[in-house]
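There are 2 protein chains.
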Amino acid sequence: MENCIFCKIIRGEIPGTFVHEDKQAVIFLDINQAAKGHLLIASRVHVEQWHELDEDNASHLARLAAQWAPAVLDATKADGYNLLQNNGPAAGQEVPHVHLHLIPRWTRDGYFGGVPDRMAQPDELRETAMAISEAKSTQ
Amino acid sequence: MENCIFCKIIRGEIPGTFVHEDKQAVIFLDINQAAKGHLLIASRVHVEQWHELDEDNASHLARLAAQWAPAVLDATKADGYNLLQNNGPAAGQEVPHVHLHLIPRWTRDGYFGGVPDRMAQPDELRETAMAISEAKSTQ
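This is the structure:
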């Protein structure tokens, strides 16, 4: 897409610091290094959200994450890592071109807020599961 | 694995609220509903971290996320969603059996901290990329 900043990085029109390129995807360093070694794994195809990827591209991004995580751990001496993929501005997506964050983590680094605890009751779980299953069955 | 809580849920030894089961993976509601509709997509095979999954299982979890996200959006009327996958206690992993969180999000819900801004300089980006590429080449 012409004005997409990630498409421009992928096309080489603005600089990116790549560690990998193939026919379907690229991996480059997020200029916002939330932690040192923070990578972005992005499809070449311009779609906004994960569920708009075709299955082959979604699979490929997932495999790249598995293939590159050990190198990130090795290079950064991190204790762990998060894979984070944001869909829509409400979810914190800043660039509307699908991408997967690989973020190295160290014990007690305080980088990443995590999700709140909110223990659910069995009734709520059953009702929610039913609503999601019903929505899935109509697709 | 005998004492793994997710293996026990998958085997039916402790209750889980499932929306999907297949040969490779299951999807059930996180009892900690960080947001209403919060799903866990888990491989049947017991490995701890994403990079320990074989490529077929990693691909499958990624495809399931793409297939189920629209149903979650539809059922919960969410504005977006995060896919989050934590590897290691340092990264917030609480159950050492690989799983992918699908977390519905609403505009300004405040659920999810996101990652800190830390703009990196070109030199740092280049050095980090080189270290990661070098680590990858020795694997």
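From first to last, the protein sequence lines stand for chains W and S.
Using the numbering used here, the letters of the first sequence map in sequence onto residues 346 to 484.
Using the numbering used here, the letters of the second sequence map in sequence onto residues 346 to 484.
C-beta: ideal position from N, C-alpha, C; glycine also.
Remember, it's a predicted structure, so these values are computed and weren't measured experimentally.
(request) Provide the residue(s) that pair with Val-371 (chain S) in DSSP beta bridges, ordered along the chain. (result) S:Glu-366, S:Ala-387
(message) So if DSSP puts Met-464 (chain W) in a beta bridge, which residue, or which two residues, is it bridged to?
(response) S:Asn-377
(request) List the whole-angstrom C-beta distance separating Ile-376 (chain S) from Ile-386 (chain S), where the pair is believed to meet the contact cut-off of C-beta under 8 Å. (result) Actually they are not in contact, since the Cβ atoms of Ile-376 (chain S) and Ile-386 (chain S) sit about 15 Å apart, beyond 8 Å.
(message) Can you find the residues in the same chain that come closer than 8 Å, C-beta to C-beta, to Cys-352 (chain S), ignoring five residues on each side of it along the sequence?
(response) Met-346, His-391, His-442
(request) Jot down the residue ranges of each uninterrupted alpha helix (DSSP H) in the stretch 394 to 467 of chain W, minimum 4 residues, whole runs only, in chain order. (result) 400 to 421
(request) List the residues of chain W whose Cβ lies closer than 7 Å to the Cβ of Lys-353 (chain S), in chain order. (result) Within 7 Å Cβ-Cβ: nothing; Lys-353 (chain S) doesn't reach chain W, min ~17 Å.
(message) What would DSSP say about Thr-483 (chain S), mapped onto helix, strand or coil?
(response) coil
(message) Which residues in chain S have a C-beta closer than 7 Å to the C-beta of His-396 (chain W)? List them in chain order.
(response) Ala-411, Ala-414, Pro-415
(message) So Leu-470 (chain S) contacts chain W; which residues on that side make the cut at Cβ distance below 8 Å?
(response) Thr-362, Leu-374, Ile-376, Gln-378
(request) With distances taken Cα to Cα, identify the nearest neighbour of Val-364 (chain W) among W:Ala-436, W:Ala-414, W:Asn-432, W:Ile-350. (result) W:Ala-414
(request) Give a yes or no on whether 9 Å exceeds the smallest Cβ distance from His-383 (chain S) to chain W. (result) yes
(message) Within 8 Å, do at least three Cβ pairs link the stretch 471 to 481 of chain W to the stretch 404 to 420 of chain S?
(response) yes
(request) Measuring only between beta-carbons, confirm whether Glu-366 (chain W) sits less than 9 Å from chain S. (result) no
(message) Relative to the C-alpha of Lys-422 (chain S), which candidate in S:Pro-449, S:Thr-362, S:Ala-436, S:Thr-473 has its C-alpha closest?
(response) S:Pro-449
(message) Can you give me the C-alpha to C-alpha distance between Pro-467 (chain W) and Gly-382 (chain S), rounded to a whole angstrom?
(response) 13 Å
(request) Classify Ile-319 (chain S) as helix, strand or coil using the three-state DSSP reduction. (result) Not covered by the structure: residue 319 (chain S). The range shown for chain S is 346 to 484.
(message) What does the Cβ neighbour count give for Thr-452 (chain W), buried or exposed, with the cut at 16 atoms within 10 Å?
(response) exposed
(message) Taking CB distances under 9 Å as the criterion, tell me whether Ser-388 (chain S) reaches chain W.
(response) no
(message) Is the beta carbon of His-405 (chain S) closer than 9 Å to that of Asn-427 (chain S)?
(response) no
(message) Does Trp-472 (chain W) come out as helix, strand or coil in the three-state DSSP assignment?
(response) Before going further, note that residue 472 (chain W) is Glu rather than Trp in the sequence given. Residue state, collapsed to three classes: helix.
(request) Excluding the 5 residues preceding and the 5 following Gly-401 (chain W) in the sequence, name in chain order all residues of the same chain whose CB lies nearer than 6 Å to its CB. (result) The identity of residue 401 (chain W) in the sequence shown is Asp, whereas the question assumes Gly. Result list for Asp-401 (chain W): empty, nothing under 6 Å.
(request) Measuring only between beta-carbons, confirm whether Arg-356 (chain W) sits less than 9 Å from chain S. (result) no
(request) Out of S:Met-475, S:Ala-436, S:His-444, point me to the one whose CA is closest to Gly-424 (chain W)'s CA. (result) The sequence shown places Asp at residue 424 (chain W), rather than the Gly named in the question. Comparing Cα-Cα distances from Asp-424 (chain W) to each of S:Met-475, S:Ala-436, S:His-444, the minimum goes to S:Ala-436.
(request) Give the straight-line distance between the Cα atoms of Glu-439 (chain W) and Arg-471 (chain S), rounded to the nearest whole angstrom. (result) 23 Å
(request) With Ile-359 (chain S) as the anchor, note down where its alpha helix (DSSP H) starts and where it stops. (result) Here Ile-359 (chain S) belongs to no alpha helix (DSSP H), and DSSP marks it neither H nor E.
(message) By the three-class DSSP mapping on this structure, what secondary structure does Cys-349 (chain W) have?
(response) coil
(request) Please classify Asn-432 (chain W): is it buried, with 16 or more other beta-carbons within 10 angstroms of its beta-carbon, or exposed? (result) buried
(request) In angstroms with no decimal places, state the Cα-to-Cα distance between Pro-360 (chain W) and Pro-461 (chain S). (result) 22 Å
(request) Within 10 angstroms of the Cβ of Phe-356 (chain S), are there 16 or more other Cβ atoms? Answer buried if so, exposed if not. (result) The question names Phe, but residue 356 (chain S) is Arg in the sequence shown. By the neighbour-count rule (16 or more Cβ atoms within 10 Å), Arg-356 (chain S) is not buried but exposed.
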